[in-house]
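Presented below is the structure to which this report refers.
Protein chains in written order, with this note's numbering: chain W, 2 to 403; chain A, 363 to 801.
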């Protein structure tokens with residue numbers, strides 16, 4: 002039966018996440034926006050709380066590892082951990098995106114591990130905070146072009162190269178590093194390796210200064226003869242030109258709805274605050290009246306809200322498909338593309354609607370506008386999402402549609 | 363037979379019908395509606411003499427109004443339709459592709475839907491979607507979602523033929539939802555019969571800045587009945603409708619709905635052809651002091667009922683926008699893949715491919731927003747916000763999809779040999795129309 006409301010069984014979880022966002026994230030938003038690179042110590046306690054929420058729940062949890070796909074043979078409709086995770090990310094990012102990204106043990110690396118690790122690896126990395134290192138100075142969206150190499154030497158791989166834009170790279174326990182076993186074999190040779198942050202071959206170069214999400218550290222690393230035990234390679238060590246890269250990319254099918262959820266949460270924060278401020282200024286929205294019978298501001302609010310609604314539902318759809326073992330690569334990109342661009346548009350226009358109040362630092366609207374932009378960039382830019390979607394719809398290879 | 367079994371037998375009837383379809387009926391004979399419309403175009407206003415049906419029963423006697431059961435609250439997020447809905451969707455979808463699409467261009471030119479096509483659609487049970495079981499309706503449960511799925515599939519074939527087919531269902535649903543026992547006994551049974559009446563829900567009025575909550579069509583109490591005056595615009599199947607539900611301002615009580623038989627004195631119509639929706643035979647109705655009996659008023663002018671009517675109509679237009687936008691996407695993909703320019707398919711260029719991707723993204727968002735609003739309506743949740751948002755998407759995104767479809771076909775998009783110019787015209791209607799449909 003078609004129903005697009007938040008599942009009843011996740012109402013408590015959503016309520017808890019919203020409380021955390023209201024009581025802990027929001028009050029610290031401005032503080033860590035100003036104090037870039039300062040560790041938000043308030044989050045340690047919070048992370049323990051979230052671990053507790055996950056452990057105490059048979060609903061699949063709220064954390065980044067909730068993206069692991071499992072099949073229990075049940076063919077009925079499922080609302081599982083992909084859904085609960087995305088719902089909790091929406092609430093947390095309604096609170097603060099940067100702080101959510103800094104949540105211990107909730108890194109995108111954790112999602113990657115949850116997506117592709119085998120059972121013994123899962124056990125070994127349990128309780129660890131994992132960051133994700135893909136981008137290089139010369140390879141951003143074109144992840145097949147990465148130059149970091151991994152060479153098998155006895156029982157370990159030796160990694161050499163450079164990684165940038167590693168979210169939570171300074172603070173995490175583990176860094177999932179993408180490297181190639183053989184540059185001549187292209188994308189099939191790209192593998193991901195779980196590297197201990199304490200590994201002496203993993204050298205922190207610097208932390209970036211950013212437009213937004215300043216509460217989240219963004220690290221640059223050098224890998225110099227970085228030795229990684231063989232068993233810390235995620236997935237198969239074989240170079241299979243048919244499957245390997247697709248395997249690595251599969252992580253993204255699971256994490257894109259999460260990033261879309263971040264955008265949905267942030268955009269809702271902007272809309273709600275703007276509705277409040279404008280409500281106080283006498284703007285009245287009547288959903289039954291035609292837009293032309295209302296003020297231009299009310300009409301604009303409805304327009305922004307309609308894009309938000311589409312982004313929100315596309316995000317839930319992608320998560321629901323993952324929970325029900327339906328291939329969702331296309332829908333995950335729909336969600337990421339729509340949510341990414343809508344959240345930037347909504348945030349910037351909300352600032353304009355509120356004038357200098359929106360633009361000034363007394364309100365969080367200006368900060369949310371700065372935070373928003375990254376959500377249309379990382380985990381696949383807008384343009385990359387359009388490429389993925391277009392290739393799938395049109396049946397194109399990456400050679401045909403560049 | 364219970365609802366599921368009835369639905370099943372209907373669905374099987376539909377599948378059987380579709381399986382036996384011959385490819386393309388030549389439209390040899392103009393139906394009566396066309397003849398009326400044509401003479402109306404020539405002669406200007408003329409009396410709307412309806413199609414001669416008298417609604418004096420004998421319907422089944424009801425001691426209380428019959429209502430379809432309301433759906434229950436759903437616990438889980440779910441995008442899968444029920445088996446019954448899926449069957450309906452497939453049957454209607456096949457019908458739309460096999461019959462509506464091939465007939466669309468000629469119907470557009472004729473400003474009328476072929477009568478045989480309307481008859482076939484009735485066999486699929488479309489007119490009785492909102493008719494309660496006591497009155498021989500097929501669907502025990504009230505479901506805006508089912509109606510949305512049906513409308514979407516029909517519009518994937520052709521939007522204006524979909525409107526022609528669904529116009530009577532709007533009247534049936536209105537009386538099913540808000541009619542009292544007498545109104546239902548008098549009017550409703552034929553909608554579940556073999557020959558449901560042509561009928562239309564007339565709400566929108568011919569002026570800029572129309573607001574359905576501020577009507578210029580007036581109903582005044584007179585004796586124990588009412589007198590109706592005013593004009594209604596773009597009424598589907600205006601010429602051949604036998605029955606109307608008309609929105610009018612009632613003596614300071616606010617906007618309300620009235621059942622008006624086409625044979626009443628003082629109703630005149632003229633053809634009102636527009637940019638699109640042409641196959642629906644749109645017309646303008648004028649009411650000059652039309653006398654209505656005491657039983658004409660629906661829902662005792664309850665404001666909540668009228669607002670619900672406005673919302674469910676908008677949702678119907680959203681569903682049509684979704685279906686026609688899907689048709690556009692389906693048509694675009696092979697076209698841009700096959701069209702060669704500069705030595706390769708134009709879809710190898712990002713400028714083209716990204717437009718296709720954006721059509722798909724916005725279409726999917728619009729579809730989910732429409733489903734959500736319909737599902738909330740079925741569950742008895744407030745859905746005014748969700749309808750407004752879905753409508754806003756249908757207004758801007760569907761129009762953009764129509765425009766992009768023509769643009770991507772270039773000159774081919776501009777000529778009637780390809781259907782996209784028609785979709786361009788039809789999709790513009792989705793965000794501006796009020797009334798005419800009910801889901």
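Cβ coordinates follow ideal geometry from the N, Cα and C atoms, glycine included.
If you're wondering where the values come from, they're calculated on a predicted model, not measured in any experiment.
Residue 12(W): member of the alpha helix (DSSP H) spanning 12–21, first to last residue. Scanning 349(W), 220(W) and 111(W) for the CA closest to the CA of residue 164(W) turns up 220(W). Listed in chain order, the non-local C-beta contacts of residue 597(A) below 6 angstroms within the same chain comprise 562, 564, 645 and 647, local neighbours out to five positions each way being set aside.
Residue pairing from DSSP places residue 133(W) in a beta bridge opposite 177(W). Residue 604(A) carries a coil assignment under DSSP once its states are collapsed to helix, strand and coil.
The Cβ-Cβ distance between residue 533(A) and residue 605(A) falls below 8 angstroms. Residue burial annotation: residue 20(W) is exposed, with fewer than 16 other C-beta atoms found within 10 angstroms of its C-beta. Within the region 667–684 of chain A, those residues whose Cβ lies closer than 8 angstroms to any Cβ of chain W are, in chain order, 669, 672 and 673. Considering only 27(W), 11(W) and 14(W), the residue with the shortest C-alpha distance to residue 369(W) is 27(W).
Residue burial is scored here from C-beta neighbours: residue 571(A) has fewer than 16 other C-beta atoms within 10 angstroms and is therefore classed as exposed.
Taking 8 angstroms as the upper bound on Cβ-Cβ separation, chain W lies near no residue of the region 450–476 of chain A.
Distance from the CA of residue 794(A) to the CA of residue 451(A), rounded to the nearest whole angstrom, comes to 26 angstroms.
The beta carbon of residue 289(W) sits closer than 8 angstroms to some beta carbon of chain A.
With fewer than 16 other CB atoms across the displayed protein chains lying within 10 angstroms of its CB, residue 704(A) is exposed. At least one C-beta of chain A is nearer than 8 angstroms to the C-beta of residue 318(W). The C-alpha of residue 797(A) lies about 23 angstroms from the C-alpha of residue 627(A). Rounded to the nearest angstrom, the gap between the Cα atoms of residue 787(A) and residue 765(A) is 9 angstroms. Taken in chain order, the complete alpha helix (DSSP H) segments of 4 residues or longer contained in the region 445–505 of chain A are 445–457, 463–472 and 477–485. Listed along the chain, the chain A residues whose CB falls inside 8 angstroms of the CB of residue 338(W) are 719 and 723. With a cut-off of 8 angstroms on Cβ pairs, the region 43–54 of chain W is not in contact with the region 108–120 of chain W, counting fewer than three such pairs. Residue-level contact check: residue 727(A) touches chain W, since one or more beta carbons of chain W fall below 8 angstroms from its beta carbon. Assigned with DSSP and collapsed to three states, residue 289(W) falls in coil, not helix or strand. Taking residue 494(A) as the centre and dropping the five residues before and after it, the same chain places the C-beta of 428, 429, 430 and 538 closer than 7 angstroms to its C-beta, in chain order. Rounded to the nearest whole angstrom, the CA to CA distance from residue 112(W) to residue 385(W) is 20 angstroms.
In the three-state reduction of the DSSP assignment, residue 616(A) falls in the coil class.
Secondary structure at residue 126(W): coil, using DSSP grouped into helix, strand and coil.
For residue 325(W), the closest alpha carbon among the candidates 548(A), 421(A) and 438(A) is that of 438(A). Counted as a single uninterrupted DSSP element, the alpha helix (DSSP H) harbouring residue 545(A) occupies residues 543–549.
In terms of beta-carbon proximity, residue 78(W) lines the interface with chain A, with at least one pair separated by less than 8 angstroms. Taking a cut-off of 8 angstroms for Cβ pairs, the region 495–510 of chain A and the region 459–475 of chain A do not touch, as fewer than three such pairs fall below it. For residue 695(A), the residues of chain W that pass the 7 angstroms Cβ criterion are 394 and 395, in the order they occur in the chain. In this structure, 800(A) is the residue among 582(A), 800(A) and 433(A) with its C-alpha nearest to the C-alpha of residue 682(A). Within the same chain, Cβ atoms closer than 7 angstroms to the Cβ of residue 780(A) are found at 771 and 774, the five residues on either side in sequence being excluded. Under the Cβ criterion of 8 angstroms, residue 755(A) is counted among the residues facing chain W. Here the C-alpha atom of residue 531(A) lies approximately 42 angstroms from the C-alpha atom of residue 82(W). Per the Cβ contact rule, the region 181–198 of chain W is in contact with the region 138–149 of chain W (3 or more Cβ pairs under 8 angstroms).
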